[in-house]
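Enquirer: Take a look at the following structure, please.
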């Protein structure tokens, strides 16, 4: 049925590289592998795939809110340019001859007012363009794009960028037009709290719910000269959502709170304040297409041109788009009357660059590239053309122009990778190797990997604050990307790094130090037991010597791991300290990374933001998880969600397996089919008893996920080589043979790909390797075609005015088209399930198609929805259901996609069996046991109301107060007045909480702000009462008044979660005081940074727990001896 290629290679081919390579994904973080670069090129015959200059009705008719660059120039008063550009807009269908504009011209000279001062850029200065030549549909959409970027009033123009951002963000959230912002900027607003207090006092925001605040760390960084903290930058992010109405703006703009993140190279060079990321729905989604039923192409073309062709003026700056990539899909929960469902909306992330602005310097500089380290309020003008030239050096090095448009465009992603900058190398420390390591057939055996000196590895380790020197780093360096490992034979103190052609993505002269800075994305780290990915299960069953045994074995692993995890949690919950250790050991490493970034535990209102940190905080302060309902529910919900996730993803934990970076043996000591895996510490699997520091003489399975072909899992021999002993926590592949092992694993390489490694003998010994498949050539059979235009070909287009704009326009259009990768992947899963095969010709066809679509945008591969409809009809006729095959209907969803088993007989497919025969019953039983174990927990805690009871004792007894009230001579004493008014204030805040319909984060922030404003009533004049609010303690929430509020609130509303969300910290403090009073030591307060770095001592906790239980005296003594020995070692 499908044409077969003569080669049996299943993945991307890598032959002898030239000066630089053209392979590799600039941001290889997707779920799918890189794929074969076929030499067959078929130019699309359909006119829809041929790129040509757009008609004037689409390209050359800007709207005032996003004027073209020519219109922006006219806003500076250049009348001559205005007239020329207007003429072009009205009459020309292609751009003028200016292929290489003079960089010294910039954006033109600013106009001067009658006092000789530069005029400000405003939308009012943009030219009014006639639309006589514009089609009705395009004109309508252009009209609806006007005003998407709101313009701040001129009297707010002097405010810092962060203040302008926050004012616009709040106004957009509250639905307040910009022309109603009549207030003037005040320098005190540079303080975040002062600004938000001002919002509360302004009539325009009166009685309106305000959005979530930007975090104080991000705000303080944004107010600095360079829009950054020590090692992070402030990120500006906005989103556009379609307006479902047929009238009004086409999209609704919303700005996100300021946030901190790692910088990318362009951030560091030009300032993160010059970049904004706009998330928009894919132009091919139903929501966007619905904006123009019957004429979808009109809205798509108009929005494309609006994004790319002109400048976007908002926040008093002129922004231009220069890059786009697929953003994380947005999931929306829709509550249908029949069945609730989650709808996934595909999104795009568009990157914009601030070329000019009213807060930019008005200089006569002829520099095309802005100087380094400019403060955010004193940038110089710079066009996006020169931004891309600085990064890619397209004109500086003509060889770069020989790359295809889409491959070169994908290289921009290297400049936008968020990384940790480390060592700046000098030119003499950089070694550019001329050739890669090649197999006898010319295959590259070290695709994406290089080496660095031991001294450099150590320096980077120190800068990153790592505990141990890793084997290597995944990173970026100049035009190179990939993984760099330490040279095991280098014992000198020399600093050096080497790059190979397969790592270098364009010619880069590295004159600027930013191109000579090693940027770290990740470091190799200590390995842990891994889970068996769902996609590997059908291949394991297919390649099993005994399929039934494999199926039962996987089911047993799931059952054993579930029961073990549940039992360990129940045991840990018997002791708060032990449970704290359990929480620490069972949470993701991202929690530590977030603490490092912020310098403290992230916090929101009364509790840490993450549930794990909430549990640790409560446990640390003396709460018992088996007695406190709030803590019990957090623990139960976390376990329940993990169990539900396990049922959905079926990630079966296999103790003797792990995930590790794939690297190569540069020393050549490994033979073909051998791998080396050593651990930095003992790798322990409690269930099997395995505890070793390396593998030797055993067979292992290696794979990358997702795996499609049966050959994507390979059985190889693990051996230990002393020459490679320093390279720990990575799996080392041989450089010998004809095909690199990584290439056999879903077309992988060594630029940071991670392998699943399994040495569980019951799995490995029941597995046999599959031969590499004969894959169909989808280009010669015209299933796929490829666009091969190069960058230099653009320069040959007659009368082309702006090569950069044409380059970006074509790349945007192509990259924003549906890739169909997810669609085809889901279909393949259904087809293989229906046919019960992962290796017949139809499965191989779909696997090959998917492997090409992974690289669609970079390789210029054309595969439209019409193409897919054609292929799907053919495949539908080949499915396992005869009735659906006759009707050419799509295969049904696999049974395991449903919540329950729907068949009359027992499940036979391996995933069905694991989910319905093992996973679901085990989860339900274990959760029932856990709930039964924890059912005795209570909401009330008497320790938390002792504080308020102390003050209530100052009140008259209830009977006496009632008698006085009835006598008519009642007059409240001081504390009766204070507590009564406090009760009323608490009730008011609780009522606000209950009635608020805001998103939880916004509701929490606004409620906590109201809570903090509750102060002692002014109906009493008592110095004693005023002393409760001592200033230094009030600032950290630990004044007597803060504790009184918390204790009283808990007494009143302990049956709800409200006291915990708002006053959790104060309640924890009160608990620690009471618990500590029962012991022989006071409670300990810590600074935020010290608290973030505290980790539980496992040996100490287990020893004390054994002693407190009074059981196993000998065991407890032994544990205590271990603690003493450990302490002695640290002296």
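Residue numbers (full-length UniProt numbering): 1 to 1131. Beta carbons are placed, not taken as given, at the ideal position from N, Cα and C, and that holds for glycine. Bear in mind the structure is a predicted one, so any value in this text is a computation, not a measurement.
Assuming contact is defined by CB atoms lying nearer than 8 Å, are residue 161 and residue 636 in contact in what I supplied?
Expert: The answer is no: Cβ separation not under 8 Å.
Enquirer: Figure out for me which residue from 766, 707 and 272 has the closest Cα to the Cα of residue 742.
Expert: Of 766, 707 and 272, the residue nearest in Cα terms is 707.
Enquirer: Quick one: what's residue 319 bridged to in DSSP?
Expert: Answer is 312 and 354.
Enquirer: Beta-carbon within less than 6 Å of residue 1132's beta-carbon, same chain only, minus the 5 sequence neighbours each way: which residues are those?
Expert: The question about residue 1132 has no answer, for the chain in this structure spans 1 to 1131.
Enquirer: Assign residue 371 to buried or exposed, taking buried as 16 or more other Cβ atoms, counted over all protein chains shown, within 10 Å of its Cβ.
Expert: That one is exposed.
Enquirer: Please state the DSSP three-state secondary structure of residue 486.
Expert: Looking at residue 486 - three-state DSSP - the assignment turns out to be strand.
Enquirer: Which residue or residues does DSSP assign as beta-bridge partners of residue 1151?
Expert: What is shown of the chain runs 1 to 1131, which leaves residue 1151 out entirely.
Enquirer: Since I believe residue 730 is in contact with residue 716 (beta carbons under 8 Å), could you give me their beta-carbon distance rounded to a whole number of angstroms?
Expert: At roughly 15 Å, the Cβ-Cβ gap does not stay under 8 Å, so residue 716 and residue 730 are not in contact.
Enquirer: By the 10 Å Cβ neighbour count, where 16 or more other Cβ atoms means buried, how is residue 199 classified, buried or exposed?
Expert: So residue 199 counts as buried.
Enquirer: Apart from the five residues just before and just after residue 981, which ones in its own chain have a Cβ nearer than 6 Å to its Cβ?
Expert: These residues qualify, in order along the chain: 1017.
Enquirer: How big is the Cα-Cα spacing for residue 172 and residue 206?
Expert: If I take the Cα positions, the gap works out to 15 Å.
Enquirer: Among the residues of its own chain, which have a CB less than 6 Å from the CB of residue 1054, if the five just before and after it don't count?
Expert: If we look at residue 1054 and ignore the five residues flanking it on each side, its Cβ neighbours are 939 and 940.
Enquirer: Quick check on residue 826: does DSSP put it in helix, strand or coil?
Expert: Note: residue 826 maps to helix in three-state DSSP.
Enquirer: Note down, in chain order, each residue of its chain lying with its Cβ closer than 8 Å to the Cβ of residue 1134, except the 5 sequence neighbours on either side.
Expert: Nothing in the structure corresponds to residue 1134, since the chain is present only between 1 and 1131.
Enquirer: Please confirm whether residue 791 and residue 401 have their CB atoms less than 8 Å apart.
Expert: Taking 8 Å as the Cβ cut-off, residue 791 and residue 401 qualify as a contacting pair.
Enquirer: Please determine if the segment 903 to 920 and the segment 622 to 640 are in contact, where contact requires at least 3 C-beta pairs separated by less than 8 Å.
Expert: Contact between the segment 903 to 920 and the segment 622 to 640 is absent, because fewer than three Cβ pairs lie under 8 Å.
Enquirer: Please determine if the segment 491 to 505 and the segment 440 to 453 are in contact, where contact requires at least 3 C-beta pairs separated by less than 8 Å.
Expert: Output reads yes: the segment 440 to 453 touches the segment 491 to 505.
Enquirer: Out of 824, 861 and 834, which one is the CA nearest neighbour of residue 787?
Expert: Selected option, being the one with the closest Cα: 861.
Enquirer: So, do the segment 576 to 588 and the segment 596 to 603 have three or more beta carbon pairs nearer to each other than 8 Å?
Expert: Because the criterion of three Cβ pairs below 8 Å is not met, the segment 576 to 588 and the segment 596 to 603 do not touch.
Enquirer: Could you give the first and the last residue of the continuous alpha helix (DSSP H) run that contains residue 808?
Expert: Where residue 808 is concerned, the enclosing alpha helix (DSSP H) stretches over 803 to 816.
Enquirer: On a Cα-Cα basis, can you pick out the residue from 727, 219, 279 and 218 that is closest to residue 242?
Expert: Among 727, 219, 279 and 218, the Cα nearest to that of residue 242 belongs to 279.
Enquirer: Classify residue 89: buried if its beta carbon has 16 or more other beta carbons within 10 angstroms, exposed otherwise.
Expert: With a pLDDT of only 31 at residue 89, under the threshold of 50, the placement of this residue in the model should not be trusted; the figure read from the coordinates follows. Buried, since its Cβ has 16 or more Cβ neighbours within 10 Å.
Enquirer: Under three-state DSSP, which class holds residue 1027?
Expert: In this structure, residue 1027 counts as helix in the three-state DSSP scheme.
Enquirer: By the 10 Å Cβ neighbour count, where 16 or more other Cβ atoms means buried, how is residue 25 classified, buried or exposed?
Expert: Low confidence applies to residue 25: its pLDDT is 38, below 50, so where it sits in the model is not reliable, and the reading given next is rough at best. Answer is buried; the Cβ neighbour count reaches 16.
Enquirer: Using the Cα positions of residue 881 and residue 868, report the straight-line distance between them to the nearest angstrom.
Expert: Cα-Cα distance, rounded: 21 Å.
Enquirer: For a quick check, are the C-beta atoms of residue 264 and residue 375 less than 8 Å apart?
Expert: Taking 8 Å as the Cβ cut-off, residue 264 and residue 375 do not qualify as a contacting pair.
Enquirer: Identify which residue in 378, 350, 1041 and 697 has its Cα closest to the Cα of residue 362.
Expert: Nearest C-alpha to residue 362: 378.
Enquirer: Restricting to runs no shorter than 3 residues, where is the beta strand (DSSP E) found entirely within the segment 509 to 558?
Expert: Within the segment 509 to 558, the complete beta strand (DSSP E) runs of at least 3 residues are 517 to 523 and 530 to 532.
Enquirer: Compare the beta carbon distance of residue 1004 and residue 1061 with 8 Å and say whether it is the shorter of the two.
Expert: Cβ atoms of residue 1004 and residue 1061: closer than 8 Å.
Enquirer: On the three-state DSSP scale, how would you describe residue 990?
Expert: Helix at residue 990.
Enquirer: Please return the same chain residues whose Cβ sits closer than 6 Å to the Cβ of residue 318, not counting the five positions on each side in sequence.
Expert: Closer than 6 Å at the Cβ level, and outside the excluded window around residue 318, lie 72, 311, 355 and 356.
Enquirer: DSSP state of residue 150, grouped into three classes?
Expert: Note: residue 150 maps to coil in three-state DSSP.
Enquirer: What number of angstroms, rounded off, separates the C-alpha of residue 887 from the C-alpha of residue 878?
Expert: The alpha-carbon atoms of residue 887 and residue 878 are separated by roughly 11 Å.
Enquirer: Taking the C-alpha atoms as reference points, what is the distance between residue 814 and residue 640?
Expert: In a straight line, the C-alpha of residue 814 is about 43 Å away from that of residue 640.
Enquirer: If residue 148 sits next to residue 249, beta carbons under 8 Å apart, how far is it from one beta carbon to the other, in whole angstroms?
Expert: Between residue 249 and residue 148 the Cβ distance is about 6 Å, and since that is below 8 Å, they are a contact.
Enquirer: Which ranges would you report for the alpha helix (DSSP H) in the segment 844 to 911 if only whole runs of at least 4 residues count?
Expert: Counting whole runs of 4 or more residues, the segment 844 to 911 contains the alpha helix (DSSP H) stretches 856 to 859, 865 to 876 and 882 to 886.
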